[in-house]
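Remember, the working numbering sits 1461 above the position in the sequence shown when you count from 1.
For glycine and all other residues, C-beta sits at the position ideal for the given N, C-alpha and C.
Model, not experiment: these values are computed from the prediction.
A short worksheet on the structure shown next.
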Amino acid sequence: MSSARSILVTGGTGSFGQKCIATLLADPEVKRIVIYSRDELKQFEMSQKFTDPRLRFFLGDVRDRARLCRALEGVDTVIHAAALKQVPAAEYNPMEFIKTNVLGAENLIEACMDTGVRNVVALSTDKAAAPINLYGATKLCSDKLFIAANNVKGSRDIRFSVVRYGNVMGSRGSVIPFFLDRRKTGILPITDLAMTRFNITLQEGVELVQYALERALGGEIFVPKIPSYRITDVAEAIGPNCEKPVVGIRPGEKIHEEMVTSTDALQTIMTDRHYIIVPSGKMGLEATLKKFSEHHQGRPVAADFAYNSGTNTEWLTVSEIRTLIRQHVDSSFDLT
1462 MSSARSILVT GGTGSFGQKC IATLLADPEV KRIVIYSRDE LKQFEMSQKF
1512 TDPRLRFFLG DVRDRARLCR ALEGVDTVIH AAALKQVPAA EYNPMEFIKT
1562 NVLGAENLIE ACMDTGVRNV VALSTDKAAA PINLYGATKL CSDKLFIAAN
1612 NVKGSRDIRF SVVRYGNVMG SRGSVIPFFL DRRKTGILPI TDLAMTRFNI
1662 TLQEGVELVQ YALERALGGE IFVPKIPSYR ITDVAEAIGP NCEKPVVGIR
1712 PGEKIHEEMV TSTDALQTIM TDRHYIIVPS GKMGLEATLK KFSEHHQGRP
1762 VAADFAYNSG TNTEWLTVSE IRTLIRQHVD SSFDLT
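Structure follows, in structure tokens:
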């Protein structure tokens, strides 16, 4: 993975972390991988699954800067996946999310600059674009912190960037595992008939992180071009014969998700595979767009551009959703 030799993954025992670690271990150039997380049971279970001697497990919380500094000794690359993520829980426990997602991000940034880390990529979420819930707001703050860190690094050889993507197919808390479980009851509750979401597989999420690690100048937010799905099509794909009552959206939910807002469009470029929100810098917007467009071989988007799951041009069909479920969620899935 580019020049990465010693890599630390925060939140490395989660869905993304598991796929990311498997990918990293396939690279013989990677000499050491540190899993930094606070759940000892998940670390134990992961140590039984992955027995590669390059792996190290480090118990710790991103709220603890001193512990982060100790874990980062000798590390050159950081992938920041640790976060509290459940929307309803954030509305009920706002300060806990702020402590982990915002203050934890700042702790990691400071620790990375103090320990000689050279490359940092933080995972964001579509909910950070024009957020209407506290979880999204904390991730927007986190994104801003990582982008702004490039302005205060001084002479340090370090770059910070962010990747932002939509719902990960099959991850904990996503609708597909929920529907797969609920179809045994014959009832699949639909929040809203118009609801849409972006969709990305875990492997695609890992590949986006790899791209950012290899190509970022520093300060970019990388957004992949991915398909959308309609929640009604997911329900049809999983339980065509189930009842599908409309139960209403949860507090803090959107009907459609955005990853690039019309306001972001002014500083966004596009390539064949990505949209890239570039930082606002001292050199001025025009010069900044030119610099990043040349580096990434892209071009600025239209002034009124927005990337929204409801107005997306690429959609998953019911049949494609079923195929993806078999490939990425449950290989035994069928409709019998």
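- DSSP places Ala-1655 outside both helix and strand once states are collapsed to three, so it counts as coil.
- Listed in chain order, the non-local C-beta contacts of Arg-1783 below 7 angstroms within the same chain comprise Ala-1698, local neighbours out to five positions each way being set aside.
- In this structure, the beta-carbon distance from His-1789 to Met-1630 falls below 8 angstroms.
- A straight-line Cα-Cα distance of about 17 angstroms links Thr-1474 and Ser-1635.
- Shown here, Phe-1766 sits in coil according to DSSP, grouped into three states, outside any helix or strand.
- Among the bridge pairs identified by DSSP, Arg-1691 is matched with Thr-1657.
- Taking a 10 Å sphere around the C-beta of Tyr-1553, we find fewer than 16 other C-beta atoms and assign the residue as exposed.
- When secondary structure is reduced to three states using DSSP, Ser-1622 falls in the strand class.
- For Val-1539, the enclosing beta strand (DSSP E) has its first and last residue at 1538–1541.
- Residue pairing by DSSP places Glu-1718 in no beta bridge whatsoever.
- Rounded to the nearest angstrom, the gap between the Cα atoms of Thr-1693 and Thr-1652 is 9 angstroms.
- The three-state reading of DSSP puts Ile-1608 in helix, counting H, G and I together.
- Secondary structure note for Asn-1580: its beta strand (DSSP E) is the uninterrupted segment 1580–1584.
- DSSP, reduced to helix, strand and coil, places Phe-1511 outside both helices and strands of the structure shown, so it counts as coil.
- In the structure shown, Phe-1794 adopts coil according to DSSP, grouped into three states.
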